[in-house]
Ligand SMILES: NC(=O)c1ccc[n+]([C@@H]2O[C@H](COP(=O)([O-])OP(=O)(O)OC[C@H]3O[C@@H](n4cnc5c(N)ncnc54)[C@H](O)[C@@H]3O)[C@@H](O)[C@H]2O)c1
Ligand SMILES: [Zn+2]
């Protein structure tokens, strides 16, 4: 199928159902998703629904897919009304990953994956962060493997504790409240997801200073890493008034109240329900 987010759609799922129907498969036949997050989410959705479920194996080939999307069982497709609106929790029975396939990944895609790696390190704690700061490129295969495995381990720990996102799994949304609003306001034609998450992490650390007294040194240390991976440190050219409609549709909101994942310090995340729109706007203006 064609590369790109546009393939993560119901029409592509239907095409795959048609191909499966032409093969002699049964409920014990495995579906193998070989590719990045788009392939993994789409093929996972097809595996979850075809014959009411056939075994799924993920073979993630992008950094995003290796550290994030192949884990935790969220599969699905986009609608024109919004990203990931149709889907299921359907964990892979097996994930096979080989960091050597990342040799051919374009630099921009590596950098996008690093936004999620930075997020996992902030959720994990200072030791993980220092490991990332001390990386010297080009990475050896051992270093790359360690980077991928440490990052997966963070997500695995959270997902194992809360597979259906009733509580702490929401912490994995650090930086994503604003990131998703920006991606939507740009109609998926502006920043890629990693760029939006990079900036979203900076905004989350600024809000964390105001709401939870986080030491500002962490924002400085984040900035160094964002620059290193060519991820944006300043807000995009976008009127703040474009954002509230999307912020209000965030899946974490309850009773009409915005909820942000913020940090007291790396390793100590909280879901905060007392961030006002005015504070988000002030943060937006400060990060121009
Ligand atoms: N299910 C989850 O929990 C979860 C988590 C994070 C992201 N996602 C989803 O993942 C998707 C993004 O995934 P992505 O960043 O992997 O994007 P992607 O799948 O579009 O892959 C990015 C690009 O890299 C190419 N590529 C992949 N592996 C390669 C390799 N080894 N060598 C050369 N090129 C390679 C792809 O063809 C594509 O052009 C989004 O749809 C996002 O919503 C899901
Ligand atoms: Zn993400």
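In this note's numbering, the protein residues as written are 547 to 834. The beta-carbon is built from N, C-alpha and C at its ideal position, and this holds for glycine as well.
- Residue 673 has its alpha-carbon roughly 42 Å from the corresponding atom of residue 556.
- Considering only 606, 681, 655 and 694, the residue with the shortest C-alpha distance to residue 616 is 606.
- Separation of residue 652 and residue 614 (C-alpha to C-alpha, rounded to the nearest whole angstrom) is 18 Å.
- In this model, residue 719 and residue 572 are separated by some 37 Å (Cα to Cα).
- Under a 10 Å Cβ-count criterion, residue 826 is classified as buried, with 16 or more other Cβ atoms of the shown protein chains found around its own Cβ.
- For residue 818, the CB contacts under 6 Å within the same chain, skipping 5 residues up- and downstream, are 757, 806 and 808 in chain order.
- Residue 748 and residue 583 have their C-alpha atoms spaced approximately 24 Å apart.
- Residue range 620–625 is occupied by the beta strand (DSSP E) that includes residue 625.
- Assigned with DSSP and collapsed to three states, residue 783 falls in coil, not helix or strand.
- Under DSSP, residue 604 forms a beta bridge with 579 and 641.
- Within the stretch 638–717, the runs of alpha helix (DSSP H) at least 4 residues long that lie entirely inside it are, in chain order, 653–670, 672–679 and 687–707.
- For residue 719, the secondary structure class from DSSP, reduced to helix, strand or coil, is helix.
- Here the C-alpha atom of residue 694 lies approximately 21 Å from the C-alpha atom of residue 621.
- Taking each of 662, 654 and 734 in turn and checking the Cα distance to residue 552, the smallest one comes out for 734.
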